[in-house]
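Number of protein chains: 2
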Amino acid sequence: MDRLTRQLEFAAEAGRLKAVQRQTMLTDPPRRENSAEHSWHLTLMALALAEYAPPGTDIGKVVSMLALHDLVEVDAGDLFVYAGEADQRRQRAAERAAADRIFALLPPDQAVRFRGLWDEFEERASAEARFARAIDRLQPMLENSKAGGGTWHEHGIRADQVMAKVALIEDGSAELGGYARRLVERAVRDGTLAPAPAGP
Amino acid sequence: MDRLTRQLEFAAEAGRLKAVQRQTMLTDPPRRENSAEHSWHLTLMALALAEYAPPGTDIGKVVSMLALHDLVEVDAGDLFVYAGEADQRRQRAAERAAADRIFALLPPDQAVRFRGLWDEFEERASAEARFARAIDRLQPMLENSKAGGGTWHEHGIRADQVMAKVALIEDGSAELGGYARRLVERAVRDGTLAPAPAGP
Numbered sequence: 001m002d003r004l005t006r007q008l009e010f011a012a013e014a015g016r017l018k019a020v021q022r023q024t025m026l027t028d029p030p031r032r033e034n035s036a037e038h039s040w041h042l043t044l045m046a047l048a049l050a051e052y053a054p055p056g057t058d059i060g061k062v063v064s065m066l067a068l069h070d071l072v073e074v075d076a077g078d079l080f081v082y083a084g085e086a087d088q089r090r091q092r093a094a095e096r097a098a099a100d101r102i103f104a105l106l107p108p109d110q111a112v113r114f115r116g117l118w119d120e121f122e123e124r125a126s127a128e129a130r131f132a133r134a135i136d137r138l139q140p141m142l143e144n145s146k147a148g149g150g151t152w153h154e155h156g157i158r159a160d161q162v163m164a165k166v167a168l169i170e171d172g173s174a175e176l177g178g179y180a181r182r183l184v185e186r187a188v189r190d191g192t193l194a195p196a197p198a199g200p
Numbered sequence: 001m002d003r004l005t006r007q008l009e010f011a012a013e014a015g016r017l018k019a020v021q022r023q024t025m026l027t028d029p030p031r032r033e034n035s036a037e038h039s040w041h042l043t044l045m046a047l048a049l050a051e052y053a054p055p056g057t058d059i060g061k062v063v064s065m066l067a068l069h070d071l072v073e074v075d076a077g078d079l080f081v082y083a084g085e086a087d088q089r090r091q092r093a094a095e096r097a098a099a100d101r102i103f104a105l106l107p108p109d110q111a112v113r114f115r116g117l118w119d120e121f122e123e124r125a126s127a128e129a130r131f132a133r134a135i136d137r138l139q140p141m142l143e144n145s146k147a148g149g150g151t152w153h154e155h156g157i158r159a160d161q162v163m164a165k166v167a168l169i170e171d172g173s174a175e176l177g178g179y180a181r182r183l184v185e186r187a188v189r190d191g192t193l194a195p196a197p198a199g200p
């Protein structure tokens, strides 16, 4: 197969992400979000929120990472962000196997480069990866907040569980982390998110 | 409204692109593509096909343009690429009005910058814009080819009409234009695209 044919096969295989459903419920009309449109929304958010990344962050690289970050779900599907540890371990193994297969559809030089971006994102190994991960965590909170609770209600998620994810946002961007923290506090006050259980 | 709030309002409004349906039929499962997942697919293709842009093309800028290029469809909807001239004129006016409204949701400095990228894309005013437009024209051809004709069949589109769009791909990338030309010729041979009417 020639180089362009391989690249187009990769692009066609990637297109299957449009059929991967996420937990996030969209409003108007209400339906589950798919991983392709989710990835697009993140790239757009990264462009609009670029100024909240640490100085020197390469936003072009952030956007590339976000365009690629969910490709593994073509094979592995999407796992709910609040899934248990055993499920998360299984998911990580499935995603690594998917990365091995999917990036290898590309010509070898590109396969190495794209896989490198995916690994960097997964390992939060750079300011770019941490900012991209922050955007990836923030977007579903915004959707849940807009939907009056969304998957928080559906799965009985409490504020302490959401706050644990806010830490990852703060790690990528102090400002976006602060915003997410206030969003969670407001959701608890509004009754759209259950409070943390009382201490002993 | 503070700056971050405006940016997040913009991102939320942009999210409505997930509800805008395009003509393109996806396979597996068969349904119309929406403009958000379409935009994502184009950003991914731009990354995978970057080497076919003219030397010196800024692919980060291409990807930013592609992430933004369909935002106006939140108000204006998607128009079939083979629509008549009157419809196309009306659509352009509706898209400009939409750009005026939607980019103005952002803080003024960003509104100017994002609108500038959109204008550049529309006017094909740079190598980046012409490459982005080439990708935007190529992707539906790949989907139609994969779907055994897709919207070509549905709307009785002939090879001469598709070839007129190939010219725009060639203008952005000689290699991708050549590929598109061969794809059209193959589709005619396969019977998935009607040939041009015989000359006089």
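Keeping their order, the protein sequence lines are chains A and B.
Take 1 as the starting number for the first sequence in my numbering and just add one per residue.
Take 1 as the starting number for the second sequence in my numbering and just add one per residue.
Where is the CB? At the ideal position from N, CA and C, for every residue including glycine.
Please read these numbers as outputs of a predicted model, since none were measured by experiment.
| Asked | Found |
| --- | --- |
| Please name the residue, chosen from A:M65, A:R181, A:D136 and A:R158, that lies closest to A:A198 on a Cα-to-Cα basis. | A:R158 |
| Three-state secondary structure (DSSP) at A:T192? | coil |
| Return the first residue and the last residue of the alpha helix (DSSP H) that B:T57 is part of. | Premise fails: B:T57 is in no alpha helix (DSSP H) and is neither H nor E. |
| Determine whether the Cβ of A:H41 lies closer than 8 Å to any Cβ atom of chain B. | yes |
| Given this structure, state the Cα-to-Cα distance separating B:Q110 from A:E51, to the nearest angstrom. | 11 Å |
| Output yes if chain A places a C-beta closer than 8 Å to the C-beta of B:L168; else output no. | no |
| Under a Cβ-count criterion, where at least 16 other Cβ atoms within 10 Å of its own Cβ denotes burial, should A:V112 be classed as buried or exposed? | exposed |
| So, is B:H155 buried or exposed, given that buried needs 16 or more other C-beta atoms within 10 angstroms? | exposed |
| With a cut-off of 8 Å, does the C-beta of B:Q21 fall near any C-beta of chain A? | no |
| Are B:E13 and B:R22 close, meaning C-beta to C-beta below 8 Å? | no |
| Mark A:E143 as exposed unless 16 or more other C-beta atoms lie within 10 angstroms of its C-beta, in which case mark it buried. | buried |
| Ordered along the chain, which non-local residues of its own chain (more than five positions away) have a Cβ less than 6 Å from that of A:L26? | E33 |
| Kindly indicate if chain B contains any beta-carbon less than 8 Å away from that of A:S126. | no |
| Helix, strand or coil, according to DSSP, for B:T24 in the structure here? | strand |
| Between B:E120, B:H41 and B:P107, which lies nearest to B:A201 when the distance is taken from Cα to Cα? | Nothing can be reported for residue 201 of chain B: it is not among the residues displayed for chain B, which extend from 1 to 200. |
| Check whether the segment 181-195 of chain B and the segment 136-152 of chain B touch, using three or more Cβ-Cβ pairs below 8 Å as the test. | yes |
| Whose C-alpha, out of B:F114, B:G172 and B:A97, is nearest the C-alpha of B:F10? | B:F114 |
| Give the interface partners of B:A64 over in chain A, defined as CB-CB distance under 9 Å, in chain order. | The sequence given here places Ser at residue 64 of chain B; Ala does not occur at that position. Result: T43, L47, I59, G60 and V63. |
| Using a Cβ-Cβ cutoff of less than 7 Å, which residues in the same chain neighbour B:L176 once the five nearest sequence positions on both sides are dropped? | L49, Y52, A134, L138 and I169 |
| Residue ranges of each alpha helix (DSSP H) run of no fewer than 4 residues wholly in the segment 80-167 of chain B, ordered along the chain? | 85-103, 108-123, 127-146 and 151-154 |
| Closer than 9 Å, Cβ to Cβ, to anything on chain A: give me those residues from the segment 79-99 of chain B, in chain order. | none |
| For B:D78 versus B:S35, is the C-beta distance shorter than 8 Å? | yes |
| Determine the direct distance from the alpha carbon of A:V72 to that of A:A98, and round the result to whole angstroms. | 5 Å |
| Under 7 Å: does the beta carbon of A:A19 sit that close to some heavy atom of the ligand NAD? | For the ligand NAD, the structure offers nothing, since it holds no ligand at all. |
| Assuming B:R3 is part of the alpha helix (DSSP H), what are its boundary residues? | R3 to A14 |
| Nearest-angstrom Cα distance between B:M65 and A:L47? | 10 Å |
| Rounded to the nearest angstrom, what separates A:A86 and A:R96 at their Cα positions? | 16 Å |
| Going by CA-CA distance only, name the one from B:G148, B:E122 and B:S126 that's closest to B:D58. | B:S126 |
| In chain order, what residues of the same chain lie with their CB nearer than 7 Å to the CB of B:L105, ignoring the 5 residues before and after it? | R6, E9, F10 and E13 |
| Using the Cβ count rule (16 or more neighbours within 10 Å means buried), how would you classify A:A180? | buried |
| Which residues in chain B have a C-beta closer than 7 Å to the C-beta of A:G15? List them in chain order. | H41 |
| Distance check for B:I102 and B:M163, CA to CA, integer angstroms please. | 33 Å |
| Should A:G84 be labelled buried (16 or more other beta-carbon atoms within 10 Å of its own) or exposed? | exposed |
| Determine the direct distance from the alpha carbon of A:A187 to that of A:R3, and round the result to whole angstroms. | 50 Å |
| Let me see if you follow: with CB-CB separation under 8 Å, is A:K146 close to chain B or not? | yes |
| Does the separation of the CB atoms of A:E37 and B:E122 fall below 8 Å? | no |
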